[in-house]
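J.: For the sequence shown, the positions run 141 to 576 when the numbering used here is used. Okay, handing you the structure first.
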Amino acid sequence: MTFDLVLKNGSIICMDEQRRVLEQHAIGIIGNKIADIFPLGSHSYTAKAEIDADNCLLIPGLINAHSHLPMTYFRGLADDLPLQDWLQNHIWPLEAKLVNETFVYDACLHGAAEMLRNGITCSNDMYFHMAAIADAGSKAGLRVIVSEALIDPPDRGDKYLQGIGTKVREMKQRYLGNQLVDFSLAPHAIYTCSKATLIRCAEVAAKEGFLIHLHLSETETEVLNCIAEHGLRPVAYLESLGLLDVPAVFAHGIWVDDAEMQLLAKHGNSSIAICTESNLKLTSGFAPIARYQQHGINYCLATDGVASNNDLDLLAELSITAKLHKTLNNNATFLPAKQAFAGVTIDAAKAIGKADEIGSIESGKLADIVVIKLDELGSQPIYNPYSHLVYAANSCSVRDVIVNGTASMLNGELCHVNEADLLATATSYRTLIQEQ
Ligand SMILES: [Zn+2]
141 MTFDLVLKNG SIICMDEQRR VLEQHAIGII GNKIADIFPL GSHSYTAKAE
191 IDADNCLLIP GLINAHSHLP MTYFRGLADD LPLQDWLQNH IWPLEAKLVN
241 ETFVYDACLH GAAEMLRNGI TCSNDMYFHM AAIADAGSKA GLRVIVSEAL
291 IDPPDRGDKY LQGIGTKVRE MKQRYLGNQL VDFSLAPHAI YTCSKATLIR
341 CAEVAAKEGF LIHLHLSETE TEVLNCIAEH GLRPVAYLES LGLLDVPAVF
391 AHGIWVDDAE MQLLAKHGNS SIAICTESNL KLTSGFAPIA RYQQHGINYC
441 LATDGVASNN DLDLLAELSI TAKLHKTLNN NATFLPAKQA FAGVTIDAAK
491 AIGKADEIGS IESGKLADIV VIKLDELGSQ PIYNPYSHLV YAANSCSVRD
541 VIVNGTASML NGELCHVNEA DLLATATSYR TLIQEQ
């Protein structure tokens, strides 16, 4: 058999149904897919290229279930503030002045490169200027789900409502040949989109099969306002509008009670993208992971945007989330490492409707694979790979990143972007932003 690329040796953390860990195996890639996983020496093969992962872990590429890639240049700009003050008095005014196609492309290219360096191979993004995000993300070699993000304009009318979904449809057509890019429909939140907008989103998503991406119950105020305005808690409100009838990723999901969880479980279409570091920094609260588990609701992890995190390190997110929820539940056995790791791999793939394609290392799936090096002081000795990944590994251990069968990073060097250029561009934007 002839493969385009073979990764051999190391421990393969499959994250398949049986949670197999394979030693002394090779992963054979043909085109953009994993063609075979086989014991070394079991049969002869030829490879056009080979990566030796001896003394490494091979893991499924990490999936970031909620991000705002183009906010990268707002890192550290307005910290130590509560959410609404941060958003309304700092982020939104700056976005209104600065954000255009070029800004989004440049910031997204930087963010995509940063994600790859952190072992992320796919990000479910929410922002404006779809083409710039699609172009920059795929230029860096990152798989990205680009959204048509909606915040109601003051002059919304029938024309605006009827136009919802048009851009996603157009973009899907335009990027048919780009295997790294997919699209979703993203009403920003229940407090920035009207009832009519949300109903229209549900209708369009049901008709066209678009994934919905929305911020949900990030703060208690959002819930209290929803009750005051609509007489319902947010999840019940979304149900009344049809938004629980279509596949959806709801970011945050902090202030969700048991009755709301029963609604989510009954419909079974929604997943929660938990953004622990962003929530901690903005003091929004803690997503109730234990109760989501009890109700059988799929949840996964995400970085949120750089402006509120302030990094795009999903392994760090994983580590802090696992530890925090042990303490919150006063139970050291809660969320063991093997289970926690699913939140950045297979369960995140389920959330974005791509569990058949990514999230695990299995024959037939797309070849999104990350090589984690173990030949360093902080990685030895190693007894349990899941414990290592959740509690000890960090982005510095990410050595190679394969996305869609092609290397996006090799031996710590990004393959498709020049890091020095990215740094120089970021510095020039800092000057521009400081002048505002
Ligand atoms: Zn967000």
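All residues carry an ideal CB built from backbone N, CA and C; glycine is no exception. The structure displayed is predicted, hence computed values, not measured ones.
On the DSSP letters alone, give me the boundaries of the alpha helix (DSSP H) that N449 sits inside.
T.: That residue, N449, is in no alpha helix (DSSP H); it is neither H nor E in DSSP.
J.: Among residues of its own chain, excluding the 5 on either side of R215, which ones have a beta-carbon nearer than 7 angstroms to its beta-carbon?
T.: These residues qualify, in order along the chain: V446, A447, N450.
J.: Assuming L202 and I260 are in contact, meaning their beta carbons sit under 8 angstroms apart, how far apart are those beta carbons, in whole angstroms?
T.: Correct: roughly 5 angstroms between the Cβ atoms.
J.: Using 8 angstroms as the cut-off, can you tell me whether the region 141-149 makes contact with the region 482-499, which would need three or more C-beta pairs spanning the two stretches below that distance?
T.: With the cut-off at 8 angstroms, the region 141-149 and the region 482-499 do not touch.
J.: How long is the line joining the alpha carbons of F323 and V386, rounded to whole angstroms?
T.: Each residue's alpha carbon lies about 15 angstroms from the other.
J.: Going by DSSP, what residues sit across from H353 in a beta bridge?
T.: In the DSSP output, where bridge partners are listed per residue, H353 has V389.
J.: Would you mind listing the beta strand (DSSP E) stretches within the region 431-509 that are 3+ residues and don't spill past its ends, in chain order?
T.: As far as the region 431-509 is concerned, its whole beta strand (DSSP E) runs of at least 3 residues are 439-441.
J.: Just the C-alpha distance for Q104 and L301, rounded to the nearest angstrom, thanks.
T.: With the chain represented from 141 up to 576, any question about residue 104 goes unanswered, as that position is not in the structure.
J.: Just to confirm, does D444 get its C-beta within under 7 angstroms of one of the non-hydrogen atoms of ligand 1?
T.: Yes, the beta carbon of D444 sits closer than 7 angstroms to at least one heavy atom of ligand 1.
J.: Using a C-beta cutoff of 8 angstroms, does F243 count as contacting chain D?
T.: In the structure shown, chain D does not exist; there is a single protein chain.
J.: Which partner residues does P179 have in the DSSP bridge list?
T.: Paired residues: H165.
J.: Measure the alpha-carbon distance for H407 versus L554 and round it to whole angstroms.
T.: Cα to Cα, H407 sits roughly 42 angstroms from L554.
J.: Looking at ligand 1, does it come within less than 7 angstroms of A447, judged from the CB to the closest heavy atom?
T.: No - ligand 1 has no heavy atom lying nearer than 7 angstroms to the Cβ of A447.
J.: Among all the DSSP beta bridges, which residues are the ones paired with S535?
T.: The partner list for S535 (beta bridge, DSSP) is empty, contrary to what the question assumes.
J.: If you drop the 5 nearest sequence neighbours on each side, which residues of the same chain put their C-beta closer than 6 angstroms to that of M211?
T.: Here the set comprises G445, V446, A447.
J.: Alpha carbon to alpha carbon, what distance is there between R570 and T361?
T.: Roughly 33 angstroms separates the two Cα atoms.
J.: Using 10 angstroms around the beta-carbon of E348, count the other beta-carbons present and answer buried if the total reaches 16, otherwise exposed.
T.: By the 10 Å Cβ count, E348 comes out exposed.
J.: For A399, which option in Y432, S263, P179, A477 has the closest C-alpha, if you only look at C-alpha atoms?
T.: The shortest C-alpha separation from A399 is found at Y432.
J.: Is the separation between the beta-carbon of A166 and that of L197 shorter than 8 angstroms?
T.: Taking 8 angstroms as the Cβ cut-off, A166 and L197 do not qualify as a contacting pair.
J.: Suppose you measure from the CA of D298 to the CA of T337; what does that come to, to the nearest Å?
T.: When rounded, the distance between both Cα atoms is 10 angstroms.
J.: Tell me whether the beta-carbon of E241 lies closer than 8 angstroms to the beta-carbon of A274.
T.: No. Outside cutoff.
J.: Output needed for N365: all residues of its chain with C-beta closer than 8 angstroms, excluding positions within five of it in sequence on either side, in chain order.
T.: Excluding sequence neighbours, N365 sits near Y331.
J.: With burial defined as no fewer than 16 other Cβ atoms inside 10 Å of the residue's Cβ, what is the status of D219: buried or exposed?
T.: Exposed: under 16 other Cβ atoms inside 10 Å.
J.: For a minimum of 4 consecutive residues, which ranges assigned as the alpha helix (DSSP H) are wholly contained in the region 264-306?
T.: Runs found: 270-280, 298-303.
J.: For L381, I'd like the list of residues in its chain whose CB is within less than 8 angstroms of its CB, leaving aside the five on either flank, ordered along the chain.
T.: Within the same chain, L381 has close Cβ partners K335, L338, I339, A342.
J.: Quick check: A488 and L529, are their CB atoms within less than 8 angstroms of each other?
T.: No, Cβ-Cβ distance for A488 and L529 is not below 8 angstroms.
J.: Is it buried or exposed, A533, if we count other Cβ atoms within 10 angstroms and call 16 or more buried?
T.: Classification of A533: buried, given that the 10 Å Cβ count is 16 or more.
J.: Candidates S182, A187, L562: which alpha carbon is nearest A280's?
T.: Of the candidates S182, A187, L562, the one whose C-alpha sits nearest the C-alpha of A280 is L562.
J.: Under 8 angstroms Cβ to Cβ from I352, same chain only, skipping five residues before and after it: list those, please.
T.: Same-chain partners within the cutoff: S324, L325, A326, P327, C341, A342, A345, L383, V386, P387, A388, V389.
J.: Should the region 172-186 be called in touch with the region 505-515, which here means at least 3 C-beta pairs below 8 angstroms?
T.: With a cut-off of 8 angstroms, the region 505-515 and the region 172-186 count as touching, because enough Cβ pairs lie within range.
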